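Single-structure report; data block below.
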Amino acid sequence: MTSSDVYDHGDSPYVFKPSKTPASQLIRDHLPLPEKMFKDSVSLPGTEKEGYSAIYRNKMFPGRLKEALTPELDTYYRLFKNSVLTFGDKSCLAYRKYDYVNKKSADDYSFLTYREVDEMKQRYGSGFLYLLQNNPFKNSEKFESHRKIDNHVKDYKNFDISDMSFVATIYSANRMEWVLSDLMCSSYSITNTALYDTLGADTSEYILQTTQSPVVIATKEHVMDIVNLKEKYPEKLEHVISIVCLDPLDLKNETSLSAEDQALVTACKSHRITLVDINQVMKVGEIFPTPELPPSPETLYTISFTSGTTGAHPKGVLLSQKICTAGVTFVLTQLPRIPDARSFSFLPLAHIFERQVCAFGLSCGNCIGFPQNGGTPLTLIEDLKLFKPNYMCNVPRVFTKYEAAIKSATVDHPTSTFKRGIFDKVISTKIQAQEKYDGADGSHLVYDRLFLSSIRKAFGFDNMEFIVTGSAPISPSTVKFLKATLCVGMPQGYGSTESFAGFAIGIPYEAEPGSCGSVGVTVEMKLRELPAMGYNLDDPEGPRGELLLRGPQIFKQYFHNEEETKKSFDDEGWFHTGDVARFSKNNGRLFIIDRVKNFFKLSQGEYVTPEKVENKYLSSSSILNQLYVHGDSLRHFLVGIVGIDPEGAVNFLVEKCKVSKSQLSSSEQILNEINKKENRELLVAYINSRISNQLSGFEKLHNIYVEFEPLRLDRDVVTATQKLKRPVAFKFFKPQIDVMYDEGSLVKGPKL
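Residues in the sequence shown are numbered consecutively from 167, following our numbering.
This is how it looks when you write it as structure tokens:
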């Protein structure tokens with residue numbers, strides 16, 4: 167059967183026509199869709215309205231939005247079950263075993279097969295339900311969530327977004343047990359949500375209280391966080407009665423950790439919380455097995471709380487199994503499939519982007535690797551070198567750090583003129599080759615082997631075929647540079663929590679990067695004109711305006727927040743994203759160009775989009791690794807909070823500022839020197855010279871304050887996915903901003 171025969175172009179919600187061919191074979195042989203068909207979007211004739219563009223859909227299926235691949239694969243649970251049947255003995259999850267006594271990760275990865283994971287989640291789910299149903303602190307007369315525990319087996323078939331199960335809360339960094347817990351919840355029709363380190367106590371309390379979650383699945387380091395929360399809010403969190411610890415607990419005096427672990431159990435018990443580890447739960451599940459309780463498409467899969475960039479309480483987005491399935495269907499139809507592929511899970515699983523990527527991998531037989539216990543961005547490369555993944559998703563702030571590191575060792579090498587010259591030739595040749603046409607990978611037998619393979623190996627990219635960027639805009643020049651130097655495809659995706667993450671993605675080797683590709687087969691889109699901001703439908707390059715979305719992949723409501731739900735949708739069911747987009751004139755590809763509210767006006771009337779400015783600076787100057795740009799209507803110039811590479815700072819001070827290296831032996835000395843006015847003047851002049859004519863004069867920085875890493879999670883100025891919280895950042899850095907404006911512009915001369 168040819169590909170043209172298998173796809174359903176009629177009025178069906180499924181990608182494939184009814185067929186006797188097994189779903190696994192259809193996925194293997196006919197996905198992703200033909201690139202020439204899915205890479206563009208098309209407008210639907212006659213759908214224009216006053217102030218609104220036409221509706222756009224994927225070129226492959228303009229007649230009908232799709233919900234799933236086939237009727238049999240209509241939930242995430244069934245997608246994973248299909249993989250268990252198809253790839254039973256293949257590797258599913260990979261992790262580095264951890265020695266808790268000596269606090270050391272194993273030197274290599276261990277693997278669990280699809281069949282092993284399936285069996286583990288059944289034992290896990292059985293024990294999980296049994297222990298909750300027999301919890302001594304359960305009070306079903308007082309708490310609805312406790313009654314839901316009692317009635318779960320009886321009621322699960324009727325669950326939907328308005329009548330869900332009790333909520334299980336996961337509180338952990340990325341690890342194998344996170345995904346195992348998620349699969350378990352899905353298999354037993356249990357809705358889950360997540361906490362993460364950067365929320366703060368008040369927001370964690372808000373999520374636990376508003377969901378009335380009775381059980382938290384947490385790492386050992388977070389057990390006392392939950393106990394302390396309940397102690398602080400005894401009435402609001404009285405319903406929290408159980409913690410499942412993802413780390414083993416020694417309650418038999420077998421190791422030096424026993425006393426500490428027993429103290430945790432005692433502390434939990436004194437606050438009317440039972441504490442058991444995941445291994446104990448699975449042992450109980452072996453003794454008291456409960457058959458899986460499969461969800462329907464309408465069952466609520468998860469409540470994903472948006473990290474929020476305003477500092478207000480996060481909104482809980484209700485995402486059903488149907489929405490999850492649509493999100494996975496989108497990725498399956500567009501991302502390249504690599505046989506026996508390995509994916510590395512780095513972005514926080516508490517956010518929906520990484521969950522979509524993992525669900526995709528688990529739906530097509532890939533193996534997902536996780537960071538070492540206690541992993542950080544600093545240990546990422548160590549894990550990548552061991553695991554050697556084929557693809558990975560990450561955010562622009564991480565990729566711009568990659569770019570800066572590579573540039574400092576190649577085209578911006580501080581001492582070697584030869585290296586600067588040869589790498590400039592190699593990289594520019596690769597970029598030119600990749601710009602020739604869509605799909606051009608720019609392979610060069612000599613350059614790839616002699617010069618670029620060592621860069622790939624240095625980052626653990628030995629087997630990497632593509633890296634996906636999303637969550638925030640990225641400079642096209644960064645994409646071009648990384649594609650060329652790392653010899654990888656780099657599609658840019660777009661999505662939000664409300665759309666179960668990505669619904670649009672470019673192709674890996676797009677000749678001219680910058681777009682988020684075509685809209686997927688599960689969503690339709692249109693634009694609302696914004697004439698006050700200068701975004702019009704008759705723009706020569708294609709219509710521009712606020713992006714509106716509708717379709718099976720788009721959420722329907724926020725959790726217990728009718729006001730925000732009403733504000734987000736119009737009468738025709740279109741979700742207003744708040745993002746400003748352009749649809750390219752020739753192929754309908756999606757470009758995200760602004761936020762409806764993400765701009766400010768300077769005192770002389772100029773409008774500035776800070777993200778655009780930040781990305782231009784970060785991609786142009788390898789010495790910079792972070793940047794927060796600020797301006798307001800009372801000032802006529804921009805100031806910046808700058809994160810600078812320590813090694814680059816030393817080189818700059820020695821070479822450009824003529825500071826003796828003997829004066830730069832400590833971090834404190836380096837920062838003191840770089841923040842001296844005369845040295846900041848030179849640094850501002852340098853980074854502005856690197857920008858050249860890429861920005862208008864009013865968009866360039868006039869004063870800066872420098873640290874090594876100013877935009878840190880522990881300051882709450884960025885989200886867990888490294889999105890800048892501008893209102894919070896302004897409040898945090900207001901003293902430095904005030905000093906810069908009082909000092910005035912450091913730019914010499916009347917013009918930049």
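Note that CB positions come from ideal geometry on N, CA and C, so glycine has one too.
The structure presented is a predicted model; accordingly, all values stated were derived computationally and were not measured.
Relative to the C-alpha of Asp549, which residue among Pro480, Tyr275, Ser422 is closest?
Tyr275
Can you name the residues that DSSP bridges to His742?
Leu714
Does the Cβ of His388 have 16 or more other Cβ atoms within 10 Å, making it buried, or fewer, making it exposed?
buried
Could you have a look at Gly626 and say whether DSSP puts it in helix, strand or coil?
coil
So the candidates are Ala525, Val687, Tyr222, Tyr660; which of them puts its Cα closest to the Cα of Pro709?
Tyr222
With DSSP collapsed to three states, give me the class of Cys530.
The answer is coil: DSSP assigns Cys530 none of H, G, I, E or B.
Stretch-stretch touch, CB-based, cutoff 8 Å, three pairs: the region 789-806 with the region 703-719
no
Distance, Cα to Cα, Leu415 vs Phe182?
48 Å
Using CA coordinates, which residue listed in Lys866, Asn817, Arg892 is at the minimum distance from Val913?
Lys866
Taking Cβ to Cβ, would you say Gly655 is nearer than 8 Å to Gly636?
At least 8 Å separates the beta-carbon of Gly655 from that of Gly636.
By Cβ distance, which residues of its chain are closer than 8 Å to Cys533, with the 5 residues on each side in sequence left out?
Lys256, Ser257, Cys258, Leu259, Ala260, Phe277, Asp506, Ala507, Arg508, Ser509, Gly527
At which residue ranges does the region 821-893 contain complete beta strand (DSSP E) runs of 3 or more residues, listed in the order of the chain?
867-873
If you follow the beta strand (DSSP E) that Gly605 is in, where does it begin and where does it stop?
Element bounds for Gly605: n/a, residue is neither H nor E.
Report the three-state DSSP secondary structure of Phe325 (helix, strand or coil).
coil
Between the region 724-737 and the region 337-355, can you find at least three pairs of beta-carbon atoms closer than 8 Å?
no
Within a Cβ cutoff of 6 Å, which residues of the same chain sit near Phe874, ignoring the five residues on either side of it in sequence?
Pro812
Runs of beta strand (DSSP E) lying entirely within the region 469-514, each at least 3 residues, in chain order
If we require 3 residues or more, the beta strand (DSSP E) runs fully inside the region 469-514 come out as 482-486, 508-510.
Beta-ladder partner(s) of Ile807, from DSSP
Tyr794, Tyr871
Whose C-alpha, out of Leu430, Glu452, Ala571, is nearest the C-alpha of Val442?
Leu430
Taking the beta strand (DSSP E) that Arg761 belongs to, which residues open and close that run?
For Arg761, the enclosing beta strand (DSSP E) covers residues 756-761.
How far does the alpha helix (DSSP H) with Thr456 in it extend, from its first residue to its last?
Segment: none, Thr456 is in no alpha helix (DSSP H) and carries neither H nor E.
Under three-state DSSP, which class holds Leu550?
Of the three classes helix, strand and coil, the one that applies to Leu550 here is helix, per DSSP.
Please report the residue range of the beta strand (DSSP E) in which Phe632 lies.
The continuous beta strand (DSSP E) containing Phe632 extends over residues 632-635.
Every unbroken beta strand (DSSP E) within the region 345-394, with a cutoff of 3 residues, ordered by chain:
Qualifying beta strand (DSSP E) stretches, in chain order: 357-361, 381-384.
Quick check: the Cα distance between Pro302 and Leu361, rounded to an integer number of angstroms?
25 Å
So is the beta-carbon of Asp391 under 7 Å away from any non-hydrogen atom of the ligand PLP?
Among the components modelled here there is no ligand, and therefore nothing to report on the ligand PLP.
Would you decide whether Gln191 is buried or exposed? Buried here means 16 or more other CB atoms lie within 10 Å of its CB.
Around the C-beta of Gln191, fewer than 16 other C-beta atoms lie within 10 Å, and the residue is accordingly described as exposed.
List, from N- to C-terminal side, the beta strand (DSSP E) runs of 3 residues or more that fit wholly inside the region 660-728.
667-671, 690-694, 710-716
According to DSSP, residues forming a beta bridge with Ile336
Ala360, Ile383, per the DSSP bridge assignment.
If you drop the 5 nearest sequence neighbours on each side, which residues of the same chain put their C-beta closer than 6 Å to that of Ala126?
Shown here, the chain extends from 167 to 918; a query on residue 126 therefore has no answer.
Alpha-carbon spacing of Asn749 relative to Ser855, whole angstroms
The identity of residue 749 in the sequence shown is Phe, whereas the question assumes Asn. In a straight line, the C-alpha of Phe749 is about 32 Å away from that of Ser855.
If we ignore side chains and look at the alpha-carbon of each, how far apart do Ser858 and Lys270 end up?
48 Å
Please give me, in chain order, every unbroken run of the alpha helix (DSSP H) with length at least 4 that falls completely inside the region 218-252.
none
Would you kindly work out how many angstroms separate the C-alpha atoms of Thr491 and Gly672, rounded to a whole number?
21 Å
Who does Ala260 pair with in a DSSP beta bridge?
Phe277, Gly535
So what does Leu441 bridge to, in DSSP terms?
Ile409
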